[in-house]
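Under the numbering used here, the sequence shown has 447 at position 50, and the numbering climbs by one with no breaks.
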Amino acid sequence: MYGFDALILDVDGTLADTERDGHRRAFDAAFAEVGLDWNWSEALYGELLAITGGKERIRHYIERWRPAFPKPGDFDEFIADLHRRKTRHYLELLGRGEIPLREGVIRLLRQARDAGVRLAIATTTTPENVSTLLTCSAGAEVEGWFEVIAAGDVVPAKKPAPDIFHLALDELRLPPRACVAIEDSANGIRSALGAGLQALLVTVNDYTQDQDFSAAALVTDGLGEPDAPVTVLQGTLEGSDHIDLAALDAMHRRIYSDKRV
Ligand code: XBP
Ligand code: MG
398 MYGFDALILD
408 VDGTLADTER
418 DGHRRAFDAA
428 FAEVGLDWNW
438 SEALYGELLA
448 ITGGKERIRH
458 YIERWRPAFP
468 KPGDFDEFIA
478 DLHRRKTRHY
488 LELLGRGEIP
498 LREGVIRLLR
508 QARDAGVRLA
518 IATTTTPENV
528 STLLTCSAGA
538 EVEGWFEVIA
548 AGDVVPAKKP
558 APDIFHLALD
568 ELRLPPRACV
578 AIEDSANGIR
588 SALGAGLQAL
598 LVTVNDYTQD
608 QDFSAAALVT
618 DGLGEPDAPV
628 TVLQGTLEGS
638 DHIDLAALDA
648 MHRRIYSDKR
658 V
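Here it is, written out as C-alpha cells:
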C-alpha cells in the first residue's frame with residue numbers, strides 16, 4: 398500500500414517533449430498559413446514558454462515582439478483563429494506519431510493502474526491535444542486509464558495559477574496530501590503548490606532544466622527505467638534508482654513527516 402491515492406500529471410514537457418518539435422512547429426505552420434513570416438526559433442520559444450497557453454503566448458508575442466503589427470479590429474478572434482489553425486497542425490503532427498512519450502511514462506502509468514493508484518491530468522493545453530497525444534503516442538486504451546483530465550480553458554486562469562490543480566483535486570474528490578504531482582516547469586510547480594500539493598516531483602527537460610525548483614520535493618532528469626537510473630538534481634531518491642511508485646511513496650512520506658502536516 399502507498400501513502401497516496403492518486404498521481405496528477407502535467408502533459409507538455411512531462412508526459413512528452415511536446416514543445417520544441419511539436420507546439421513550436423505548429424505555431425509556425427499557423428503563421429505561415431495566414432501569410433505571416435513569423436518564425437519562433439528554439440531559443441525564442443524557450444522565452445515564450447514563460448507564458449502558458451497557446452492563445453496567451455501568441456498575444457504576448459505580438460505585444461512584446463511585434464509592436465508595429467497592425468492589430469485587426471477583432472483581435473481576440475484573430476488570435477483564436479490563429480490558435481485553431483495551430484491546434485489543427487499540432488494534431489496532424491501528433492497523428493503522424495512524431496512525438497513519443499518520455500522514457501518511463503508508460504511504465505509508471507501501468508504500475509499505478511495495476512496498483513489501484515488513480516490517475517489524473519492537470520494541463521494548460523487544449524483537451525484534444527491530450528487525447529490525441531495519448532492515443533497516438535501511447536495507445537488507444539491509455540486515455541481511459543485517466544479518471545480525470547483537467548485541461549485548457551475550463552478554468553479562469555492557466556498555470557502558474559492553481560485553478561487547474563484545484564479542478565483536478567475537486568474531480569478526484571481528494572485532498573492535496575492524498576496526491577503526488579509530476580511536473581516539468583516552474584510554472585507547473587507554482588500552480589500545484591498554490592492548490593496545496595506538496596509531494597512534487599519535477600522531471601526537467603532542456604527548456605526547464607535551469608528553472609528554480611526549490612519548492613519541489615525531488616528533481617530528476619526524467620523517470621528513468623529499471624536499467625536506466627535517473628540523475629537526481631535536487632532532493633533524495635529513495636526506494637529505487639529510477640522513478641517508480643516506491644520512490645514516489647518514499648518522497649511523499651518524507652514530505653509529510655518532515656512537515657508534520
Ligand atoms: C503547456 C503550455 C501549453 C502548450 C500549448 O504548459 O504552455 O500552452 O505549449 O498548448 P503546461 P495550447 O505544461 O505547464 O501545462 O496551444 O493548446 O494552449
Ligand atoms: Mg509542462
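We treat Cβ as the ideally placed atom computed from N, Cα and C, and that holds for glycine. Note that the structure is predicted; figures quoted are calculated from it, not measured.
Closer than 6 angstroms: residue i CB and nearest the ligand XBP heavy atom
i, result
"Ser654", "no"
"His649", "no"
"Thr605", "no"
"Ser637", "no"
"Arg438", "Per the sequence shown, residue 438 should be read as Ser rather than Arg. No."
Closest by C-alpha distance to residue i, when choosing among the options
i, options, result
"Thr605", "Asp618, Ala614, Ala612, Gly593", "Asp618"
"Gly536", "Ile518, Leu491, Ile652", "Leu491"
"Lys659", "Glu474, Asp407, Arg463", "Only positions 398 to 658 of the chain appear in the structure, and residue 659 is not among them; the question remains open."
"Leu590", "Asn602, Tyr399, Val577", "Val577"
"Ala413", "Arg507, Val514, Tyr458, Asn526", "Asn526"
Cβ-heavy atom distance, residue i to the ligand MG, below 6 angstroms
i, result
"Thr411", "yes"
"Ser534", "no"
"Ser680", "Given a span of 398 to 658 for the chain in the structure shown, any question on residue 680 remains unanswerable."
"Gly585", "yes"
"Asp407", "yes"
Simplified DSSP state of residue i, which is helix, strand or coil
i, result
"Gln508", "helix"
"Val658", "Reliability fails at Val658, whose pLDDT of 46 lies under 50, so the model's placement of it is uncertain and no value is given."
"Ile579", "strand"
"Val431", "coil"
"Ala477", "helix"
"Arg454", "helix"
"Leu645", "helix"
Integer-rounded CB distance, given that residue j should sit under 8 angstroms from residue i
i, j, result
"Ala423", "Lys483", "5 angstroms"
"Ala647", "Gly636", "4 angstroms"
"Ala565", "Ile405", "5 angstroms"
Q: Tell me the start and end of each unbroken beta strand (DSSP E) in the segment 529-562 that is at least 3 residues and wholly inside, in chain order.
A: As for any beta strand (DSSP E) of minimum length 3 sitting wholly inside the segment 529-562, the runs are 545-548, ordered along the chain.
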